[in-house]
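In this note's numbering, the protein residues as written are 1 to 163. From the three backbone atoms N, C-alpha and C, an ideal C-beta is built for every residue, glycine too.
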Amino acid sequence: MISDQATTSTRPYLIRALYEWCSDNGLTPYIAVRVDETVQVPREYVKNDEIVLNISLDATSSLNLGNDFIEFKARFAGTARDILVPVGRVIAIYARENGQGMAFPLVEEPMPEVTAEASPALSPVPKKAPGKAAKDESAKTDDNDQPEPPKPGGPRPTLTRVK
């Protein structure tokens, strides 16, 4: 019998499968990412320690959906940026048009380190500024809160995390 420690995570495989499903159906794949010091994204677009990224072929170049990291180049306000997301920090992948996809539990274990061999094109991940405390929103949960389903012809669907 194989122990849980010996098997690889299903998360990268599910991310790739849902990415392919979105692409095959003409939908736009988005990932929601819980940002910490291991995530390389433009910090000015991070809200409440999370960022949502369009990972469609039209929005990215050099996209690599690896087992440990998702890496690509994308433009933010006209400026090309290198993006590096540890797979364990992806909290959801879904289609922009209809909100269908999958949410994942947040991995709290240490993620693999970025090495020059793993990602020679990407610079080291910047550290957070000292003195800035992360917001703890886990205390604001309500078991009775249920997200409303999107209304046809209404605004774009959004992902609602239920803790």
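Considering only C-alpha positions, which residue in the set the options is nearest to residue i?
{"i": "D36", "options": "D82, T8 and V46", "result": "V46"}
{"i": "A80", "options": "S62, I51 and F69", "result": "S62"}
{"i": "G78", "options": "R11, M102 and A59", "result": "A59"}
{"i": "F69", "options": "L57, P29, V90 and S56", "result": "V90"}
{"i": "A92", "options": "A74, R11 and I31", "result": "I31"}
{"i": "C22", "options": "L106, K73 and M102", "result": "M102"}
{"i": "L57", "options": "D49, N48 and D24", "result": "D24"}
Please return the same chain residues whose Cβ sits closer than 6 Å to the Cβ of residue i, not counting the five positions on each side in sequence.
{"i": "F76", "result": "P42"}
{"i": "I51", "result": "V33, V35, V41 and Y45"}
{"i": "I55", "result": "P29 and I31"}
{"i": "T10", "result": "none"}
{"i": "K140", "result": "For K140, the pLDDT reaches just 38, beneath the cut-off of 50, and the residue's location in the model is therefore unreliable, leaving the point undetermined."}
{"i": "L53", "result": "I31"}
Taking 8 Å as the limit between beta carbons, can you name the residues of its chain near residue i, skipping five residues before and five after?
{"i": "T8", "result": "N67"}
{"i": "R16", "result": "L65"}
{"i": "S119", "result": "A caution first: S119 carries a pLDDT of 47, below 50, which makes its placement in the model too unreliable to give a value."}
{"i": "Y19", "result": "P29, I55, L65 and I93"}
Indicate whether at least one CB of chain B lies closer than 9 Å to the CB of residue i.
{"i": "A103", "result": "Looking for chain B here will not work: only one protein chain is present."}
Give the C-beta separation of residue i and residue j to the nearest angstrom, bearing in mind that I take them to be a contact with Cβ-Cβ under 8 Å.
{"i": "P12", "j": "V87", "result": "5 Å"}
Ordered along the chain, which non-local residues of its own chain (more than five positions away) have a Cβ less than 7 Å from that of residue i?
{"i": "L14", "result": "M102"}
{"i": "Q100", "result": "Y94"}
{"i": "L106", "result": "R34 and I91"}
What residue ranges within the region 43-78 form continuous beta strand (DSSP E) runs of no fewer than 3 residues, ordered along the chain? Every beta strand (DSSP E) of 3 residues or more that sits fully in the region 43-78 is shown, in chain order, as 50-54, 60-65 and 69-76.
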